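According to this note's numbering, the residues represented by the sequence shown are 3 to 260, in order. From the three backbone atoms N, C-alpha and C, an ideal C-beta is built for every residue, glycine too. None of the values given here were measured: they were computed from a predicted structure. What follows is a single structure, written as structure tokens, with notes after it.
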Amino acid sequence: MKEKQFYQNIQKVLENLPENFSILEEQIDIDVQMKYFEIVQKVRTDEAAAGCFENREELFSENTGFERKKEILVNIATIDDVKAFRTIERFVKESSGEIYQWAVLAMQESRMLLQSSLLDEQQVFISTGLGGRGQKLRYYVVFINKNREGLLTRTQQKLLKDELVSVLKINDGEFETIDFTEGFSTAMVMLPLQTDLKSVFRNIIDECNQYGDFLDDDMILTNVKMLSRNEITEMLNGNRKVDFEEHDEWEDFDEEEE
């Protein structure tokens, strides 16, 4: 029942997407994204936005504190002026660390505001922790070995990689990386937003298991973040069933004209 509801909710969102939607390409920590939108609610006002836009060059001063820079970014992102976008864009190129992630979110919001004005239509912004490109989302996949104590053989590793690449190609996806370790294998891939994820990855597992039955039927799939070995091990050793439908997460944000 939970699985059915999950896919119904995803399908409902997909059916309501406009033709032109934006996917955040950068890998931005979900916690940073949530903090960004929390700050937006707290500090953004028309008056504050106007003041920050007037003093936007503070962003580039070494004397400007971290919190002040965040305040400037979230406020000028709502200014419908190409100067605001260019300021944020310049700051993105010069920044690093968390403030860089913050600036990327502001730049995306500023870009969408300008697009909304030019196209006179609401823009939809899809944001996940692992980002994406074009109309594709990035996913972190964990294939679980039936032998939790062992590493896949070279033949099994080649079979899994070849099958993954093949199925991704058929589904207009992109292969990025794959790593093999004791107990499981991890991969980073990109797939179109409308992809039937369950079908794609079930086919990969079923095809591999025709030649040795070496993969567990369950897997982990997320677009939130790369998982550490400890996190994966805890999932595999936990009392709850590890199933990719439970761990796949994504968010979408509707950005309306101000």
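- Query: What separation, rounded to the nearest whole angstrom, lies between the Cα atoms of E235 and D82?
  - Reply: The sequence shown places Thr at residue 235, not Glu. Roughly 48 Å separates the two Cα atoms.
- Task: Give the DSSP-derived three-state secondary structure of N57 in the structure shown.
- Result: coil
- Exposure label - I172; buried when at least 16 CB within 10 Å: exposed
- What does DSSP give as the partner residues of D181 in its beta bridges? T188
- Message: Quick check on V226: does DSSP put it in helix, strand or coil?
- Response: coil
- Query: Taking C-alpha atoms, which residue in V226, Q103, L229 and V144 lies nearest to L217?
  - Reply: V144
- Message: For a quick check, are the C-beta atoms of G133 and E233 less than 8 Å apart?
- Response: no
- Under the three-state reduction of DSSP, which class applies to R135: helix, strand or coil? strand
- Report the rounded CA-to-CA distance for R231 versus N65, giving the unit in angstroms. 40 Å
- Message: So the candidates are N239, K227 and M221; which of them puts its Cα closest to the Cα of Q35?
- Response: K227
- Give the DSSP-derived three-state secondary structure of F246 in the structure shown. Here the model assigns F246 a pLDDT of 40, short of 50, so the residue's position is not dependable and the matter cannot be decided.
- Quick one, which of G240, V202, M114 and A108 has its alpha-carbon nearest T89's? A108
- Item | Pair within 8 Å by beta-carbon distance, L61 and W104 | no
- Which residue or residues does DSSP assign as beta-bridge partners of M263? Residue coverage of the chain in this structure runs from 3 to 260, which leaves residue 263 outside it and unanswerable.
- Backbone CA spacing between Q117 and I25 [nearest angstrom]: 14 Å
- Query: Between S119 and S187, what straight-line distance do the alpha-carbon atoms span, to the nearest angstrom?
  - Reply: 46 Å
- Message: Tell me whether the region 163–180 and the region 47–60 touch, counting them as touching only if at least three CB pairs, one residue from each stretch, are closer than 8 Å.
- Response: no
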